[in-house]
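All residue numbers for the sequence shown refer to our numbering, where the first residue is 114 and numbers rise by one.
The structure appears right after this line, and notes come after that.
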Amino acid sequence: MKKSILLSLIAFLFLSHMAVAQRYTLKGQVQDEKQAGLPGATVLILQVKDSSLVSFTSTNPQGEFEIKNVSRGDLLLKATFLGYSPYFKQLQFPEEGNVLDLGKLAMQPLSNELKEVMVQGEKSPVVFKKDTIEYNAGSFKTQPNAVAEDLLKKLPGVDVETDGSISVKGEKVQRVTVDGKEFFGRDPKLATRNLPADAIDKVQVFDKKSDQAMFTGIDDGQREKTINLQLKEEKRNSAFGNAMAGIGTDERYQAKASLNRFSNGKQLSFLGMANNVNAQGFGFDDYMTFSGGMQQMAGGGGRVTITSDNSSGVPLNFGGRTNGLMDSYAGGLNFNNQLSKKVEANGSYFFNKLNHNIARDLERLEFLRNADVRTDQRSRQLNGNTNHRANFTVDYKIDSANSVKVTGAIGYNETSTNQRSEVETYNGENQLQNQSTNTAFSDGSALNANGSILFRHRFPKAGRTISSNTEFRTGMNQNDGTLQAVNTFADGLVNVLDQENKQETENHSLSTNLAYTEPLGNRRYLEANYNYRQNINKVDREVYDVEEGESQLYNELLSNSYTSNYQYHRAGMNFRMNRREYSLTVGSSLQHTDLTGELLGFDDDIRHSYQNVLPTLRFNYEFTGNRRIDFNYETTVQEPTIRQLQPVVDNSNPLNIYEGNPELRPAYMHQWRLNFSTFDPGTLINFFTFVNASYTNNAITNAQSYTDRLIRITQPVNVSHNTMVSGFASLGFPVKKLNSRFNIGANVRQQESINLVNEVANDIRIQNLNGNLRYEYRLKELFDFNLRANYTVQRTKYQFGDDQQFFNQTYSAETNLYLPKLFNLNTNFDYMLFDNPGFDFSQRIPMLNMSISKQFLKNKSGELKLSVLNVLDENLGVNQTANINYVERETLNSLGRYFMLSFTYSINKHLNPMGNRGGGRSIQIIN
């Protein structure tokens, strides 16, 4: 009997466990009051006893949802959507089957009073939507009259350098849009450094695909890391912005204005600025490109200018500082307009002028197999740049099946550089081997234009499309320069240069891309594509030696004239399959490339042909609970440039000679990328991570050899392979009892390369490790406190020579105290540490900024601020670099202490106070 009872009890417990463990799939549709599906509504499953979160999801574009693996229990469904009352439903699980169909869930609009309550509910600071990271701007406190850049600096996973460049998860942001529209073309800083932070509702980060890929739905591998600044609803129908003017000690001044008028799909913005306090509200691409070319021309003696991996040659922000002394002036207009239901247009014009004064000291240590080489350099440089640029886009939707998008841009640039350098080179026994003094001057101009026409057509059969995109680019550059140098060697040889040079360059390119998609049924698609591109490059460089009496002698060795024609044909096919939880794309292309070059003075032209197969694989999977994983594999080909191939010796810098290599083969790269992201709206915890890896066959690298006089000869060569692996992770979580939030991030990168020094292969491993910690505390609207710590270590291991490592650390603290009568006190402190045992170098730079401000006038539209910048008067910037066979350290001049009194007037005029109904996939936690 006891045995029978025991067996019955075990059976009962087993069956009870099976009943409890049974899992169900919940599905339904969330509708508005007109029975239309609500896309992006949030559906949560909660425990009845304590309202703890069990699972959640968001509705698709039709308002439908599905939640899997829900265990039977006492559960409550809650649906939320901005502007609507929360919907609640007690769940009743069926006795048979494992699907609970909840049918249609009708939501009702909120009253005005309830809307205020809903808006004040706590929002998740970070939300992941498919391939987009979305930050809720209201979760990150900024000062009054802050700009978008100040907001970005507080976002986890986002890094903003002093020059305004932005990176997300270690990748550089290439484009910033406002409400999905272009803002002054492709310069991210014009949006981030000029739009008010309090106008922004959300910051969205994603990889923008090409217009053609977004139309076909098949990824073509063209991506741009993009930030979209989504404005608050009330700002979309208002005039807003601010104007500021300030005067300071030491003749410092600053003035800027940002005025925006958005209404009914129309956007009009004006920007203007002028200052001499190193505050730039625009990008420097044209200026940086020119100054880099100038420094290569200005060689003359020693390694006069060593640009390491920075092709620009003008470091703007080393060690967290904007270096040099800058005067900048800029202004422009931007518009977006929905001309009709079928036509949308946008365009902009922007002007900027910059003067940049740089004083730089550099110490560089190069590692050879038997000895080391040390270079000391002191240089002074004055650069000037004037730039005009304009662009436009017209998107015409002809009908439901056809559309055309036309884009165009033109830019004109004038530049000048005046540089003086002194260089000394020492051998491993610290004996002076050569020294050089040189002066170089250059001025130039450039005219560039580009345009594209994208045609898209949808056939009556759903999923069948055809599209074509044709682009052209053209550029004409002219540069005149002079070079005077005296190079002295240890054996008594003295080399004197007095030269003038002229260079004209033309670049023309034309490309077209055709894509056709065919539906195969069951959400499967096949794409066929063809791409053709031609690049024509013409260079005419003349160098003259100035003789006594100012007569000029044509220098045949340094002069050069050549034309290159690079063209390729690529044809491929891709298969894509879409499912609710995942999507898969598999494809491959065949590329045939021809490169020809005609060189003045050479009987044999350069002629090369290459064939490559380029496979691709892309897969993403969306788990329940807003978790997502993405995997990408793609291959690319790096073709040698004409300069790398041409058999010409460039000894314009007699101590740094460059020689081309006509035997170069193209490099072939495999690249893998894995992303994972998740967040919990119940606990407001977010986590995202990625891993990148690449393997390059026939990698192109620069081989170096040294003569007895330590003249360096550089030639590009192929090595068997290079590898790179990098990873990034970020975790954010709140501590509600302390009104605080923590963010922890780490970034690691390892690169293994092969370098040839004096014809001996040297295996090199470069390791970078970066860690950061952020702590934020907010006491209602009275006080907020932010702590940041950033630690970077780079180790470089050489097969020959001593291993090198350096450390950079930055510790930051910011406090904002909101006092009675609208007084605000702000303190910002940065403490930067630079250590390099190889140079026996250690530098500490404390930076303290303080300000007190008073808001007044109606709606707090006026602000009077007294600021003290660089209180401790630290006018020094530091940079450390370790690379293939060298390590170097630079110190540069920077702006010292000054006081500034400024007045800011804010404009905030609502044009349509009622606004529009909003939607989206923001997670709203309503208590």
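Glycine is no exception: its CB is placed at the ideal position from the N, C-alpha and C atoms.
Quick check: the region 503 to 513 against the region 447 to 457, are there 3 or more CB pairs under 8 Å? yes
Beta strand (DSSP E) segments (min. 3 residues) lying fully within the region 439 to 512: 456 to 480 and 485 to 510
Go through its chain and collect everything with a Cβ distance to L120's Cβ below 6 Å, but skip five positions before and after it. Note that L120 scores a pLDDT of 47, beneath 50, so its modelled location is shaky and nothing firm can be said.
Our contact map puts A250 next to K315 with C-beta atoms below 8 Å; I'd like the distance itself, whole angstroms only. 6 Å
Evaluate contact between the region 955 to 963 and the region 933 to 947, counting only Cβ atoms and requiring at least three cross-stretch pairs below 8 Å. yes
Can you find a CB in chain D that lies within less than 8 Å of the CB of A874? No chain D appears in this structure, which consists of one protein chain only.
Thinking just about the alpha-carbon of each residue, which of T827, T754, N885 and P847 is nearest to the one in N868? T827
Residues of its chain near Q409, where Cβ-Cβ distance is below 7 Å and the 5 sequence neighbours each way are ignored: Because Q409 carries a pLDDT of 30, less than 50, the predicted location of this residue cannot be relied on, and the following value inherits that uncertainty. Same-chain partners within the cutoff: there are none.
Looking at the secondary structure, which residues open and close the alpha helix (DSSP H) in which E262 lies? A261 to L265
Confirm, please, whether the CB-CB distance from A149 to T172 is below 8 Å. no
Go ahead and pull the three-state DSSP assignment for S252. helix
Does N515 pass the burial test, meaning 16 or more other C-beta atoms within 10 Å, or should it be called exposed? exposed
Hey, quick one: how far does the alpha helix (DSSP H) through T305 stretch, first residue to last? P301 to T305
Who are the Cβ neighbours of Q864 in its own chain at under 6 Å, not counting the five residues just before and after it? M837 and I879
With a Cβ-Cβ cutoff of 8 Å, do T583 and S565 count as a contact? yes
Of all the options Y679, D653, S677 and N678, which has the alpha carbon lying nearest to the alpha carbon of L671? D653
Which residues in the same chain as R374 place their Cβ atom closer than 6 Å to its Cβ, once the five residues preceding and following it in sequence are excluded? A352 and L381
Which two residues bound the contiguous beta strand (DSSP E) that contains F947? F936 to N949
So, at 8 Å on beta carbons, what are the nonlocal neighbours of D320 in its own chain, with the 5 sequence-adjacent residues on each side left out? D244, R336, E337, K338 and T339
Ordered along the chain, which non-local residues of its own chain (more than five positions away) have a Cβ less than 6 Å from that of Y1011? G361, T362, D363, R365 and L982
Quick one: Cα of V161 to Cα of E208, how far? 20 Å
Give me the DSSP bridge partner(s) of P573. In the DSSP output, where bridge partners are listed per residue, P573 has none listed.
Pull up the CB-CB distance for Y638 and Y695, whole angstroms please, since I reckon it's below 8 Å. Not confirmed; about 15 Å, so no contact.
Close-in-space but distant-in-sequence residues of the same chain around L935 (CB under 8 Å, 5 per side omitted): K967, Q968, F969 and K973
May I ask you to report which of helix, strand or coil DSSP gives K338? strand
Would you check if the distance between the CB atom of N644 and the CB atom of Q597 is smaller than 8 Å? no
Taking R822 as the reference, which of G662, N988 and N608 has the closest Cα? N608
Based on the DSSP secondary-structure assignment, which residues constitute the bridge partners of S555? T530 and G594
Applying the criterion that 16 or more other CB atoms from any shown protein chain within 10 Å of the CB defines a buried residue, is G186 buried or exposed? exposed
Buried or exposed by the 16-neighbour rule on C-beta atoms within 10 Å, applied to G605: exposed
With C-beta atoms as the reference, is F896 less than 8 Å away from R569? no
Counting Cβ pairs closer than 8 Å, one from the region 657 to 666 and one from the region 703 to 714, do we hit at least three? no
Please list the terminal residues of the continuous beta strand (DSSP E) segment that includes S833. R825 to V848
Taking Cβ to Cβ, would you say L268 is nearer than 8 Å to A310? no
Spatial distance of K254 from E347 (CA atoms): 19 Å
Distance, Cα to Cα, I1020 vs L308? 12 Å
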